[in-house]
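Notes for the one structure printed next.
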Amino acid sequence: AVVSTQSTGEAACTVLFQHCLPFFVDYKERETNDAATCSEDLCAEVAASSEELTAVKEELIESQRKVISLQEQVIKLKDEIRAAEHCAVAKSVQRDMREYSAVLSQNCAAAITPRRLQAAMKKASVPAAEEEDRSRNLMIFGLREETDGQTVKESVAAVMQELNEKPVMTTCDRLGAVAAGKNRPVRVTLESRDSLLTLLRKAKDLRNSCFSKVYLEPDRSREEREERRRTLSTLASLRRRNASRRYFLRGGKIEWEESTTHPGAAR
Numbered sequence: 002a003v004v005s006t007q008s009t010g011e012a013a014c015t016v017l018f019q020h021c022l023p024f025f026v027d028y029k030e031r032e033t034n035d036a037a038t039c040s041e042d043l044c045a046e047v048a049a050s051s052e053e054l055t056a057v058k059e060e061l062i063e064s065q066r067k068v069i070s071l072q073e074q075v076i077k078l079k080d081e082i083r084a085a086e087h088c089a090v091a092k093s094v095q096r097d098m099r100e101y102s103a104v105l106s107q108n109c110a111a112a113i114t115p116r117r118l119q120a121a122m123k124k125a126s127v128p129a130a131e132e133e134d135r136s137r138n139l140m141i142f143g144l145r146e147e148t149d150g151q152t153v154k155e156s157v158a159a160v161m162q163e164l165n166e167k168p169v170m171t172t173c174d175r176l177g178a179v180a181a182g183k184n185r186p187v188r189v190t191l192e193s194r195d196s197l198l199t200l201l202r203k204a205k206d207l208r209n210s211c212f213s214k215v216y217l218e219p220d221r222s223r224e225e226r227e228e229r230r231r232t233l234s235t236l237a238s239l240r241r242r243n244a245s246r247r248y249f250l251r252g253g254k255i256e257w258e259e260s261t262t263h264p265g266a267a268r
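Under this note's numbering, the first residue of the sequence shown carries the number 2, and numbering increases by one thereafter.
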């Protein structure tokens, strides 16, 4: 009975295995196919995402190129603006220089002549000591001739006293021959150049004194006087030609600035 029961169980297991095996095999195959399908779908999604990322990178690179191109255009435009401004300023300066040159050409036609060249050579050969002596000389114009035994030094001392100065005078002489109705210039040699500069600075104070017709100047050579005469002539011509500017002398050179009294100067 025991053997019969064992045989019956084995037979039942065999039958059950034979009937269930196909189902297990089919399940495994479907599971394998599903896994392969999922892997393919995942690969396709990854490939699509990679293509989208590549496209985005290309768009970003193209945008950067456009930005660089725009920056280059802006720099080029700025350079053109600066060049235009520089050209406008240069044209204005050239116009002013042409006006100034026209006036100079009218007043300095004989600026370089054999006579002037000889004078320049002569000046170059003057000893240094003589030039130094001239640097301490003061010229006084318009001072009345002395009367009643008065000396030139006393007349000059009166002018100095009006300016509240008492410089040490080495020499004091009238220049030129005596002529009726003419006040000869006076040349005064001072002990120091500082005294000369002080008197020249204060010379304008004589306008409101009893010496209103007396004026002081440094002792210039003939060439320097001619040069100053031409400069003053040029200055007067510039003032007549352009009333919107205020021309003046500074350090012996003509300079200008916009006139504050001109209608358009306040703009």
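Cβ coordinates follow ideal geometry from the N, Cα and C atoms, glycine included.
Note that the structure is predicted; figures quoted are calculated from it, not measured.
For residue i: DSSP bridge partner residues
{"i": "residue 189", "result": "139 and 173"}
{"i": "residue 246", "result": "259"}
{"i": "residue 217", "result": "141"}
Reduced DSSP secondary structure (H/G/I, E/B, other) of residue i
{"i": "residue 254", "result": "strand"}
{"i": "residue 146", "result": "coil"}
{"i": "residue 166", "result": "coil"}
{"i": "residue 209", "result": "helix"}
{"i": "residue 179", "result": "coil"}
{"i": "residue 111", "result": "Because residue 111 sits at a pLDDT of 48, beneath the cut-off of 50, its placement in the model cannot be relied upon, and the following sentence gives the value as read from the coordinates. Of the three classes helix, strand and coil, the one that applies to residue 111 here is coil, per DSSP."}
{"i": "residue 95", "result": "helix"}
{"i": "residue 50", "result": "helix"}
{"i": "residue 222", "result": "coil"}
{"i": "residue 74", "result": "helix"}
{"i": "residue 65", "result": "helix"}
{"i": "residue 152", "result": "coil"}
{"i": "residue 15", "result": "helix"}
{"i": "residue 34", "result": "helix"}
C-alpha gap between residue i and residue j, whole angstroms
{"i": "residue 50", "j": "residue 38", "result": "18 Å"}
{"i": "residue 206", "j": "residue 182", "result": "26 Å"}
{"i": "residue 56", "j": "residue 69", "result": "20 Å"}
{"i": "residue 170", "j": "residue 200", "result": "12 Å"}
{"i": "residue 48", "j": "residue 64", "result": "24 Å"}
{"i": "residue 95", "j": "residue 219", "result": "35 Å"}
{"i": "residue 240", "j": "residue 252", "result": "18 Å"}
{"i": "residue 243", "j": "residue 73", "result": "44 Å"}
{"i": "residue 160", "j": "residue 227", "result": "27 Å"}
{"i": "residue 175", "j": "residue 88", "result": "57 Å"}
{"i": "residue 76", "j": "residue 67", "result": "14 Å"}
{"i": "residue 52", "j": "residue 33", "result": "29 Å"}
{"i": "residue 257", "j": "residue 247", "result": "5 Å"}
{"i": "residue 60", "j": "residue 54", "result": "10 Å"}
{"i": "residue 260", "j": "residue 237", "result": "16 Å"}
{"i": "residue 85", "j": "residue 202", "result": "45 Å"}
{"i": "residue 213", "j": "residue 151", "result": "20 Å"}
{"i": "residue 138", "j": "residue 223", "result": "14 Å"}
{"i": "residue 43", "j": "residue 62", "result": "29 Å"}
{"i": "residue 15", "j": "residue 41", "result": "39 Å"}
{"i": "residue 58", "j": "residue 30", "result": "42 Å"}
{"i": "residue 83", "j": "residue 98", "result": "22 Å"}
{"i": "residue 81", "j": "residue 232", "result": "40 Å"}
{"i": "residue 192", "j": "residue 180", "result": "30 Å"}
Other residues of its chain near residue i: CB distance less than 6 Å, five sequence neighbours each side excluded
{"i": "residue 173", "result": "153, 154, 157 and 189"}
{"i": "residue 250", "result": "none"}
{"i": "residue 177", "result": "185"}
{"i": "residue 210", "result": "163"}
{"i": "residue 196", "result": "168"}
Cβ shell of residue i (< 7 Å), same chain only, five flanking positions each side left out
{"i": "residue 136", "result": "194"}
{"i": "residue 147", "result": "153 and 156"}
{"i": "residue 221", "result": "229"}
Near the ligand GDP: residue i beta-carbon under 8 Å from a heavy atom
{"i": "residue 143", "result": "In terms of ligand content, the structure shown is empty, and the ligand GDP therefore cannot be addressed."}
Residues near residue i by beta carbon distance below 8 Å, same chain, minus five either side
{"i": "residue 215", "result": "141, 142, 143, 144, 160 and 207"}
The stretch 173-193 in contact with the stretch 139-156 per 3-pair CB rule at 8 Å: As far as the Cβ criterion goes, the stretch 173-193 touches the stretch 139-156, which means the pair count is three or higher.
Measuring CB atoms only, is the stretch 193-209 touching the stretch 160-169, in the sense that at least three cross pairs come out at less than 8 Å? With a cut-off of 8 Å, the stretch 160-169 and the stretch 193-209 count as touching, because enough Cβ pairs lie within range.
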